[in-house]
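For what it's worth, my numbering labels the leading residue of the sequence shown as 710, then goes sequentially.
A virtual CB, placed ideally from N, CA and C, is assigned to each residue, including glycine.
See structure below.
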Amino acid sequence: MTTAKTAPPPIAMLAELTHRCPLSCPYCSNPIEMALQEAELSTETWTRVFQEAADLGVLQLHLSGGEPASRRDLTDLIAAAQKAGLYTNLITSGIGLSEKRLRDLDAAGLDHIQLSLQGTDAAMADEIGGYRGGFDRKMKVADWITKIGFPLTLNAVLHRRNLHQLPDMLKMAETMGARRIEVATVQFHGWALKNRDALMPTLEQAKETTRIVTEARLRLKGRLVIDYVSADYHSKYPKRCMGGWGSTGLNVTPDGQVLPCHAAQTIPHLTFDRVQDRPLADIWYNGSAFNAYRGTDWMAEPCKSCDRKTVDFGGCRCQAMALVGDASATDPVCQKSPHNAALQAQANTHAAHDRASFFYRSAPGKTPAPTE
Ligand code: SF4
Ligand code: FES
């Protein structure tokens, strides 16, 4: 492989510890085919992988799932990551965490917590998460996080059904003493792609969200950092997905597959190496999946001759695959894509659905079913 060692080392690694989760959010980024508990990596293997990641140059380790608290060895895993010298960020719904468990995680060296927010009241949050009592539990967990003194980021996924709650979400972040809030308009991969009728924001909502975020950034400057992911289908240009393929981060699935992004398994011609078979550094530099769309050599027109090609790297490969059927095509979110007009029309059609049912994510190994 000719690009060996020409890539910089990754900065961040996402460790998907498990696909198990008590919640069933209809925009879950987990794949439709999830890894079973029996296939999950052991504590020992994760410990080795964390050390390999640190040796490779990774600085930040994001521990997610599913729900990472579903792993009984979570405290041991945090301790192992801390020992490897990684900055640890736990991405959690809060369900499965007690005050005692949080104190154990603190003692093990956990650096930061990112708490997901499905809505600002129990009716909304429990409906979106498909888990009754989840909101009240989350509020308790937020209190414990504050009491213990973890740096906290709230992570709100916004869509047509909850976008009106954004002002209250910002207030909640302030009240909880969060340092950041990630305001992420839903991106249509995995389960969200199945739920476009229910989740697609209208163009007016997308514009209003940008207005609210712009105003709040000024008002809350110095108190709360707002990271913003705007509504994808309503943008002029696509996102620089993953910072550029194989450039800054990698994902490890619960069963050990190493992916350039969380949705890479939707690109059928790629094959993925496993941490059980090959050292992480070798996978990063020489793995065929990582080199497939690294840099700009793979691009066709219009990206090939575009002056933004090193700005957004042609957008998202998985979105091009899902919507155009070709992972090397220009992301159709781009106004220069020949498929952009069709995408805009699709967005309007999805957004016009009055109250489509959610198609909730299911548990690993279970067949999903549409739910009212
Ligand atoms: Fe980005 Fe390609 Fe669109 Fe240019 S043509 S803005 S590189 S997606
Ligand atoms: Fe795979 Fe964007 S999610 S490249």
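Query                                                                                                                                                                          : Result
May I have the straight-line CA-CA distance separating Q914 from S939, to the nearest angstrom?                                                                                : 11 Å
If you check the beta carbons only, do V866 and Y736 fall under 8 Å apart?                                                                                                     : yes
Quick check on the burial criterion: 16 or more other C-beta atoms within 10 angstroms. Buried or exposed for P1073?                                                           : buried
Quick one: Cα of G766 to Cα of Q874, how far?                                                                                                                                  : 39 Å
Can you tell which of N1057, L863, E808, F999 has the C-alpha that lies nearest to the C-alpha of H821?                                                                        : L863
Run through the region 877-952 for me and flag every whole beta strand (DSSP E) of 3 or more residues, listed as ranges in chain order.                                        : 889-894, 934-938
From S825 to I890, what does the alpha carbon distance come to, in whole angstroms?                                                                                            : 10 Å
In three-state terms, what does DSSP make of V984?                                                                                                                             : coil
Decide if G774 is buried, meaning its Cβ has at least 16 other Cβ atoms within 10 Å, or exposed.                                                                               : buried
Measuring only from the beta carbon, is K1045 closer than 7 Å to any heavy atom that is part of the ligand SF4?                                                                : yes
Label L927 either buried or exposed according to how many other C-beta atoms from any shown protein chain fall within 10 Å of its C-beta, with 16 as the threshold for buried. : exposed
Spatial neighbours of A670 within its chain, please: CB distance less than 6 Å, with the 5 preceding and 5 following residues excluded, ordered by chain position.             : The displayed coordinates of the chain run from 710 to 1081. Any statement about residue 670 would go beyond what the structure contains.
Which whole-angstrom value describes the C-beta separation of R932 and E883, a residue pair presumed to lie in contact below a C-beta threshold of 8 Å?                        : 7 Å
If you measure between the beta carbons of H898 and A1056, is that distance less than 8 Å?                                                                                     : no
Is the Cβ-Cβ distance between W954 and Y994 less than 8 Å?                                                                                                                     : no
When you compare only the Cα positions, how much space is there between S807 and I857?                                                                                         : 12 Å
Quickly, what does DSSP pair M848 with across the bridge? List them, please.                                                                                                   : DSSP lists no partner for M848.
In whole angstroms, what is the alpha-carbon distance linking G803 and D1016?                                                                                                  : 43 Å
Using only alpha-carbon positions, find the residue among L902, K948, Y937 that is nearest to K1018.                                                                           : K948
Please state the DSSP three-state secondary structure of M710.                                                                                                                 : Because M710 carries a pLDDT of 42, less than 50, the predicted location of this residue cannot be relied on, and the following value inherits that uncertainty. Coil at M710, not helix or strand.
Judging by CA-CA distance, which residue of A1036, C1025, H1059, A1060 is the nearest neighbour of C1082?                                                                      : Here the chain covers residues 710 to 1081 and nothing more, so residue 1082 does not appear.
By the 10 Å Cβ neighbour count, where 16 or more other Cβ atoms means buried, how is R1064 classified, buried or exposed?                                                      : exposed
Per DSSP, what are the beta-bridge partners of Y736 in this structure?                                                                                                         : Answer is none; Y736 lacks a bridge partner.
Taking the C-alpha atoms as reference points, what is the distance between T911 and E924?                                                                                      : 20 Å
Measuring straight from C-alpha to C-alpha, what distance separates H868 and F1067?                                                                                            : 12 Å
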